[in-house]
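Numbering (our numbering), first residue to last: 13 to 266.
The beta carbon of each residue, even a glycine, is placed where N, CA and C say it ideally should be.
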């Protein structure tokens, strides 16, 4: 029998081939998440006014993942993203942290999903106000130690991340990175006064930590470009125009 090294049916995969496979897997995962969010009504198209006063052609509300089945599936997306990033060496972490309030549920359910996949991780979250009785303090769950990964739904202004970074460091731990559901790839500011960087870029530069997302605006536009559904495809142009006006450098170059 011929060895696999001499068998044309089993070619050697060099670094570039493996990188292409990782990129393909990442794209598939992002598209799967977008389909899931659309089906759940968490991601919608229309005309929505953001807190910054901008008219956005899409809206994402992770708070609508409010039943057990959807939350379980969301947790599996988070877990798969973490395992993928760990395999490629993009991130190394020892535990999870969920900022109050949405991050609490996300960190807890992601820990469950990781455990079901064979990776048991500690997790913790914070109280908005310190408790002076019982176990007391601000931290609930495992003590913050080692490399701590922050899990949240989105990064809007970076305030929550900043508070989490300060809290983690105050406990003598290190911030490994941040994982969110959707990166809007949108520069800060208002409808008329547009900033230089997006909230994600600002967090990366200010705190020196990587930020990962299950999907981003580029993924969403790419998803629409592949759809033949007339109802969905009509949103390609509005999203492209929104990206051209407000998109961060990475988004506008893609």
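CB-CB length for residue i against residue j, believed under 8 Å
{"i": "residue 65", "j": "residue 202", "result": "5 Å"}
{"i": "residue 223", "j": "residue 167", "result": "7 Å"}
{"i": "residue 170", "j": "residue 230", "result": "Not a contact, Cβ separation roughly 20 Å."}
{"i": "residue 227", "j": "residue 42", "result": "4 Å"}
{"i": "residue 251", "j": "residue 70", "result": "7 Å"}
Residue of the options minimising C-alpha distance to residue i
{"i": "residue 118", "options": "159, 83, 217 and 52", "result": "83"}
{"i": "residue 192", "options": "243, 212, 139 and 133", "result": "212"}
{"i": "residue 247", "options": "62, 156 and 235", "result": "235"}
{"i": "residue 126", "options": "245, 94, 174 and 172", "result": "94"}
{"i": "residue 183", "options": "160, 227 and 81", "result": "160"}
{"i": "residue 173", "options": "200, 48, 111 and 250", "result": "111"}
Inter-residue spacing [alpha-carbon to alpha-carbon] between residue i and residue j
{"i": "residue 253", "j": "residue 238", "result": "18 Å"}
{"i": "residue 116", "j": "residue 180", "result": "15 Å"}
{"i": "residue 205", "j": "residue 218", "result": "21 Å"}
{"i": "residue 79", "j": "residue 128", "result": "19 Å"}
{"i": "residue 121", "j": "residue 255", "result": "32 Å"}
{"i": "residue 210", "j": "residue 188", "result": "20 Å"}
{"i": "residue 102", "j": "residue 225", "result": "13 Å"}
{"i": "residue 89", "j": "residue 60", "result": "26 Å"}
{"i": "residue 153", "j": "residue 45", "result": "29 Å"}
{"i": "residue 108", "j": "residue 190", "result": "10 Å"}
{"i": "residue 150", "j": "residue 141", "result": "7 Å"}
{"i": "residue 55", "j": "residue 73", "result": "7 Å"}
{"i": "residue 85", "j": "residue 67", "result": "30 Å"}
Exposure of residue i, with buried meaning 16 or more beta-carbon neighbours within 10 Å
{"i": "residue 196", "result": "buried"}
{"i": "residue 75", "result": "exposed"}
{"i": "residue 176", "result": "buried"}
{"i": "residue 132", "result": "exposed"}
{"i": "residue 198", "result": "buried"}
{"i": "residue 53", "result": "exposed"}
{"i": "residue 113", "result": "exposed"}
{"i": "residue 14", "result": "Confidence at residue 14 is low in this model, with a pLDDT of 38, below 50, so its placement is unreliable and no value can be given for it."}
{"i": "residue 342", "result": "In the structure as shown, the chain begins at 13 and stops at 266. Residue 342 is therefore absent and cannot be evaluated."}
Backbone secondary structure at residue i - three-state DSSP
{"i": "residue 93", "result": "helix"}
{"i": "residue 110", "result": "strand"}
{"i": "residue 185", "result": "coil"}
{"i": "residue 115", "result": "helix"}
{"i": "residue 195", "result": "strand"}
{"i": "residue 258", "result": "helix"}
{"i": "residue 140", "result": "strand"}
{"i": "residue 82", "result": "helix"}
{"i": "residue 76", "result": "helix"}
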